[in-house]
Amino acid sequence: MMDRLRESSLFTKTKSSKQEYAQIDGNDSEEALLYQATSAARPRWRLIPLISSFLLGALTVVLALGLWQMIIANKHNTRTNRPFPEMREGADEKTGLPLSWSHGDCGNSPADAQALGCRYSIVLHSWLPQDCLTDDDMEDEKLMYDGRNWPYEINGRNLTMDELHLGDYGHFTTTFDWHVVHCMYVWKRIHRAALDASRKIDSYTANFHHTNHCVKMIGGDPGGMKDSGTKIFVKYPICA
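Positions 40 to 279 (this note's numbering) are the ones given, in order, by the sequence shown.
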């Protein structure tokens, strides 16, 4: 009796064991296959965000470097390709002024300049092509003379502001104070041109002779500036 029970118990356990292992080892259902496929593919899906982030970062770096190179190249070109007017050597025998200040784009007389459609600047006291002067230069004319009462004498007669604007004269005499203010506004024009290569500049403004002259006149005397009269000649420079 006991032997039969043992055989029955052994048989049942063995059968159960076979069935249990058979279910695990032999699971061929679609659900199991789907789970296995999903499990195997999951690591690949996890790589996609990493790859995308890497590519986006690399693209950002490339674009940033490209933009930086464009900026550097633009600055380099601005400095090296800045056009400057021709600076002729020598000085005029009559006036002692640099040759670069006469026989320029607007001829060498008020009549020449007017015929060529040039404009007269009462800051520079020069005849220049229209496109050599900007709105900033026009504004400087107002600022420089606003509230001033300088004399502008020719042969003992004082010019009116309207006559001064015409530029129909060879030279006039004024005060030392006018000369100092004039130097400051010419330097202001130089500064604008230095910061913006698209602005044209003339051979009077750009000539170092004028800057050196202003420095000596204003700061060359250890005793300070001396208030004396000044003769101002009309110029006909080259613009570039």
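Every residue, glycine too, gets a C-beta built ideally from N, C-alpha and C.
request  = Could you check what DSSP says for Ala130 in three-state terms: helix, strand or coil?
outcome  = strand
query = Anyone know if the C-beta pair for Ala236 and Phe123 falls short of 8 angstroms?
reply = no
Those runs of the alpha helix (DSSP H) which lie wholly inside the region 163 to 247 and span at least 4 residues = 174 to 184, 200 to 205 and 215 to 234
message = Beta-carbon within less than 7 angstroms of Phe211's beta-carbon, same chain only, minus the 5 sequence neighbours each way: which residues are those?
response = Tyr191, Glu192, Ile193, Leu198 and Ile271
Cα-Cα separation between His218 and Met183, rounded to whole angstroms = 11 angstroms
request  = In angstroms with no decimal places, state the Cα-to-Cα distance between Gly209 and Leu234.
outcome  = 33 angstroms
request  = Assign Ile277 to buried or exposed, taking buried as 16 or more other Cβ atoms, counted over all protein chains shown, within 10 Å of its Cβ.
outcome  = buried
query = Since Tyr224 contacts Val162 with CB under 8 angstroms, what's their CB separation in whole angstroms?
reply = 5 angstroms
task = Note down the Cα distance separating Met200 from Glu180, rounded to an integer number of angstroms.
result = 11 angstroms
ask   = Can you name, in chain order, every residue of its own chain whose Cβ lies under 6 angstroms from the Cβ of Tyr159, other than the five neighbours on each side?
value = Trp166 and Gly206
message = Please classify Lys265 as buried or exposed, where buried requires at least 16 neighbouring CB atoms within 10 angstroms.
response = exposed
query = Since Phe272 is in the beta strand (DSSP E), which residue starts that stretch and which ends it?
reply = Thr269 to Phe272
ask   = Assuming Cys171 contacts Lys239 under a Cβ cut-off of 8 angstroms, what Cβ separation, rounded to an integer in Å, is found between them?
value = 5 angstroms
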